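Structure record follows, encoded as structure tokens.
In my numbering, the protein residues as written are 85 to 713.
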């Protein structure tokens, strides 16, 4: 049985939502994230119906409406990003001008000032900038800083308020818009359906018109309405013209025009002043600057390192440079005429100029100067080629050192000749740290020379020669031999040994098996080397050439060219036992029989390379195949 309905009496009725199934009584959320950006939605408020209808139509964008452009019109309808994200870095740019009144001037009553108007879609702000012009005399730059600008009728400016050919009044100043960039035209046409007219010209400026007329009076060739005024530059004519009221800036040419056209254009030359013919003279470098804006010259000194001179950069301050020295007692006409001073046509690379009775030689110019001469004066590349002024450096004579007297070491004796207070010779710390305990040992014997003969007993003696790589010193030791009659022991104290009739000492490059070393008029032949020495030299074969078997094999191939059969027969004949292998002595004998040039150390290194099994012999077939015989 259904429950009876609730009676409609005071206190029994309740306010229910339109749908009893709707249980969402939560408050609406206004803060959220959309695609990673913060978004704040406006709180729902009750609005009048006409206002809501007006915002949904295009009537809000009509001129004079105080509302701003709707974000839905500026952003993509499918996007939910905020306006400041959707329109980030989107700027409308218009070109225009405004007229500024000029009082108390006989040249102009107003001035045209060109500006650029920027409108930022992301926050509806704008700013006005005036492009900077050289020598304008007006503080240009940012004319109106960026902010939201209020219109005269109320509200803020929006994109519908701007258009090519329209005027915009900002803070009582009227701006005329004559053009817009491509993006602005496309944006207004696509978003607002507002096509822009073609660019409009800027109005004429009285100052520009005056300067144009001023240039015509100078008689420029090739222009319409060209005057035929010519001036003979003499003092009497200038005096008469001045008495008749001619302005002073016209008496010596159009210097204003020259200044405006050539401002910041400077010709730069490098030159030298050679005064070595005079007492205490020197050859010093300078740089010459010629200012095209007023035909003045300055010369700066180039400070060289270790020149012994105090820095004094300005040699000649900026001013007209006369071609000849001017007398100091000239008082009637102290001002120099233009033809008396240097002009750009007087400067040529490889020539001299007179700078107050001093000859300066021009030898080079910068890139701008060369381009200016080629474009304006027709100079060729050959005429602008730099001149080489480098002089051969004369080697300073070195004091002759006295001959070595034999006392002490050569390095110690040399220090006595270099300074009054002798200093100990500097040692090579790199070799001391990296070559310490590296000792090359060889078995040596005495041999006869043309000047020294030895007995049979001395020739039978054997010594151990040790070379210390840390300091290039040698030590000779004689092992004791029983029943030889010689006690043995240290034969030569460790020291550096000098080559015969030379101040050069023996180094590791001079030591290898088969060579001779002369020590104090005694010649020693290096017969053998220990295993450590041979291995060390083979590991560093780029330094020890005699241990490089690749070099030996290439040399043997080159020597065997044209006599392969004889070389093969000699190597086979060296195998007297017929075993097909050669020991060390047989290998040396076979190479000598074949007529090859080599050293014993190279033969030992070759045998060690081919004897992989450590049997003491090498295969003849393998060796012949290696040489390609």
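Backbone N, C-alpha and C fix where the C-beta goes; we use that ideal spot for every residue, glycine too.
Model, not experiment: these values are computed from the prediction.
Item: Does DSSP put residue 668 in a helix, a strand or coil?; Value: helix
Item: Tell me, which residues are paired with residue 613 by DSSP?; Value: 526
Item: Give me the residue from 372, 196, 376 with the minimum Cα distance to residue 385.; Value: 372
Item: Distance, Cα to Cα, residue 465 vs residue 454?; Value: 8 Å
Item: Are residue 538 and residue 598 close, meaning C-beta to C-beta below 8 Å?; Value: no
Item: Could you tell me which uninterrupted alpha helix (DSSP H) segments, each at least 4 residues in length, are contained entirely in the segment 193-251, listed from first to last along the chain?; Value: none
Item: So residue 248 packs on residue 262, CB below 8 Å; how close in whole Å?; Value: 7 Å
Item: Judging by CA-CA distance, which residue of 370, 495, 497 is the nearest neighbour of residue 437?; Value: 370
Item: State the start and end residues of the unbroken alpha helix (DSSP H) segment that holds residue 339.; Value: 339-346
Item: How about residue 486 and residue 433: are their beta carbons less than 8 Å apart?; Value: no
Item: Say whether the segment 208-220 touches the segment 276-289, bearing in mind that this needs 3 or more beta-carbon pairs closer than 8 Å, one atom from each stretch.; Value: no
Item: Sort 694, 656, 596, 459 by Cα distance to residue 612 and report the nearest one.; Value: 596
Item: Could you tell me the distance, in whole angstroms, from the CA atom of residue 144 to the CA atom of residue 192?; Value: Unreliable placement is indicated for residue 144, whose pLDDT of 39 sits below 50; the coordinate value is still reported in the next sentence. Approximately 43 Å, taken between the alpha carbons.
Item: Using a Cβ-Cβ cut-off of 7 Å (strictly less than) and excluding sequence neighbours within five positions of residue 220, which residues of its own chain qualify?; Value: none
Item: By DSSP's criteria, residue 438 is part of a beta bridge. Which residues make up the other side?; Value: 443
Item: Can you tell which of 558, 541, 542 has the C-alpha that lies nearest to the C-alpha of residue 548?; Value: 558
Item: Pairing CB atoms from the segment 340-356 with CB atoms from the segment 442-453, are three or more of them under 8 Å?; Value: yes
Item: With DSSP run on the structure shown, which of helix, strand or coil describes residue 137?; Value: Confidence is the limiting factor: at residue 137 the pLDDT is only 41, short of 50, which leaves the residue's position unreliable and the question unanswerable from this model.
Item: Can you tell me whether residue 185 is helix, strand or coil according to DSSP?; Value: strand
Item: Output the boundary residues of the alpha helix (DSSP H) element that contains residue 494.; Value: 494-502
Item: Taking the alpha carbon of residue 583 as the point to measure from, which residue in 490, 602, 271 has its own alpha carbon closest?; Value: 602
Item: Under a Cβ-count criterion, where at least 16 other Cβ atoms within 10 Å of its own Cβ denotes burial, should residue 699 be classed as buried or exposed?; Value: exposed
Item: What are the boundary residues of the alpha helix (DSSP H) that includes residue 638?; Value: 633-643
Item: Name the DSSP bridge partner or partners of residue 369?; Value: 356
Item: Got a sec? Which residues, its chain only, sit under 6 Å from residue 554 by beta carbon, not counting five neighbours each side?; Value: 515, 516, 519, 520
Item: Give the secondary structure of residue 275 by DSSP, where H, G and I count as helix, E and B as strand, and everything else as coil.; Value: helix
Item: Out of curiosity, what's the CA-to-CA distance linking residue 443 and residue 580?; Value: 60 Å
Item: Which of the three DSSP states, helix, strand or coil, is assigned to residue 470?; Value: coil
Item: What residue does the beta strand (DSSP E) around residue 550 start on, and which one ends it?; Value: 547-552
Item: Can you give me the C-alpha to C-alpha distance between residue 492 and residue 509, rounded to a whole angstrom?; Value: 12 Å
Item: Using CA atoms only, rank isn't needed, just tell me which of 690, 392, 427, 661 is closest to residue 375.; Value: 427
Item: What's the gap between the Cα of residue 255 and the Cα of residue 236?; Value: 8 Å
Item: With distances taken between CB atoms, is the gap from residue 644 to residue 711 smaller than 8 Å?; Value: yes
Item: Let me check one thing: in DSSP terms, what residues is residue 629 bridge-paired to?; Value: None, per the DSSP bridge assignment.
Item: Taking 8 Å as the threshold (C-beta atoms), are residue 655 and residue 704 in contact?; Value: yes
Item: Let me know if residue 180 comes out buried or exposed under the rule of 16 or more other beta-carbons within 10 Å of its beta-carbon.; Value: buried
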